[in-house]
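Student:
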Amino acid sequence: MTKQNGFLALRATGVRFLSSGDESAFFAWLKGIGFVNQVKGQGTTLFISIDESLIDEGGVRELLALFRRYDVDMAQLIVFDRDEFADWFRDDRSYWHPYVFG
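Under the numbering used here, the first residue of the sequence shown carries the number 1, and numbering increases by one thereafter.
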């Protein structure tokens, strides 16, 4: 994860798609998240640009689900551990907790 000029860059490396429809669903889901600004690929890595000013709870929850579903490294999602989301994001009973917080 990198941060620059109000944007975060997340990485999705080695994402495996089981069919062309699965690949289409991944990109449609990702692009449907309001704060996802841009997605670029380089080799086997996708760089996902996030507009920090647009981050909201619904989008964070969708990104958590997407990353879990497609086995993308969730540790980088620690960037969403903010006061505004703390009451639910830090819940150690959540499915994402061990993947994000280790």
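Backbone N, C-alpha and C fix where the C-beta goes; we use that ideal spot for every residue, glycine too.
Going by CA-CA distance only, name the one from 80, 38 and 68 that's closest to residue 46.
Tutor: What you label residue 46 is simply residue 46 of the sequence shown in a count that begins at 1. Of 80, 38 and 68, the residue nearest in Cα terms is 38.
Student: How close, in whole Å, do the beta carbons of residue 50 and residue 89 come, if the pair is a contact with beta carbons under 8 Å?
Tutor: Counting from one through the sequence shown, the residue named residue 50 turns up at place 50. Counting from one through the sequence shown, the residue named residue 89 turns up at place 89. About 15 Å separates the two Cβ atoms, so there is no contact after all.
Student: Which residues in the same chain have their Cβ closer than 7 Å to the Cβ of residue 67, if we skip the five residues on either side of it in sequence?
Tutor: Here the question's residue 67 lines up with position 67 in the sequence shown. Answer for residue 67: 74 and 77, listed in chain order.
Student: Where does the unbroken beta strand (DSSP E) through residue 68 begin, and where does it stop?
Tutor: Against the sequence shown, residue 68 aligns to sequence position 68. Careful: residue 68 lies outside any beta strand (DSSP E), inside the alpha helix (DSSP H) at 57–69.
Student: Quick check: what's the CA-CA separation for residue 85 versus residue 71?
Tutor: The sequence position of residue 85 within the sequence shown is 85, counting from 1. The sequence position of residue 71 within the sequence shown is 71, counting from 1. Their backbone Cα atoms lie some 23 Å apart in a straight line.
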